[in-house]
Amino acid sequence: MSEVCGAGFLACSSGMESLPHFRTGNEAESLFRRPWDELQAAAWEVRERHHPPDLVFAVPGAKRYETEHYRNTPYRFASISLTGRYCALGCEHCR
Numbered sequence: 172m173s174e175v176c177g178a179g180f181l182a183c184s185s186g187m188e189s190l191p192h193f194r195t196g197n198e199a200e201s202l203f204r205r206p207w208d209e210l211q212a213a214a215w216e217v218r219e220r221h222h223p224p225d226l227v228f229a230v231p232g233a234k235r236y237e238t239e240h241y242r243n244t245p246y247r248f249a250s251i252s253l254t255g256r257y258c259a260l261g262c263e264h265c266r
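Counting from 172, one number per residue, gives the positions in the sequence shown under the numbering used here.
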């Protein structure tokens with residue numbers, strides 16, 4: 172069973188992620204014309220229905236990070252450089 176919510180997304184009761192529901196190309200184009208706040212609210216509603224309220228972030232582990240709210244576990248995150256020693260940025264977290 173499915174229903175179309177106010178933002179034009181097909182909400183499936185089967186537990187699958189909600190997908191845009193379009194009958195014509197004009198309907199798909201109309202989605203791009205909707206206000207950002209409306210689309211963001213609809214997307215957040217879908218997220219809350221299907222995922223726990225936690226946001227999890229990966230922090231590179233080769234360098235130790237510690238703040239009031241977070242402490243990483245060294246070497247649990249594989250740090251990979253695409254530019255290697257040729258990187259001109261010289262960021263502290265890579266040194």
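Ideal placement from N, C-alpha and C gives every residue a C-beta, glycine not left out.
From the options, residue whose alpha carbon lies closest to that of residue i
{"i": "Val227", "options": "Cys258, Asn243, Leu260, Gly255", "result": "Asn243"}
For residue i, the three-state DSSP class (helix, strand or coil)
{"i": "Arg220", "result": "helix"}
{"i": "Glu268", "result": "The shown model of the chain, from 172 to 266, leaves out residue 268, and the question about it has no answer."}
{"i": "Arg256", "result": "helix"}
{"i": "Ser185", "result": "Unreliable positioning characterises Ser185 in this predicted model, as indicated by a pLDDT of 42, which lies under 50. A coordinate reading is not provided."}
{"i": "Met172", "result": "Only weak support is given to the placement of Met172: the predicted model assigns it a pLDDT of 42, under 50, and the question is left unresolved by the model."}
Whole-number beta carbon distance between residue j and residue i, since they are thought to touch under 8 Å
{"i": "Pro245", "j": "Arg235", "result": "6 Å"}
Outcome for residue i when other beta-carbon atoms lying within 10 angstroms are tallied against a minimum of 16
{"i": "Thr254", "result": "exposed"}
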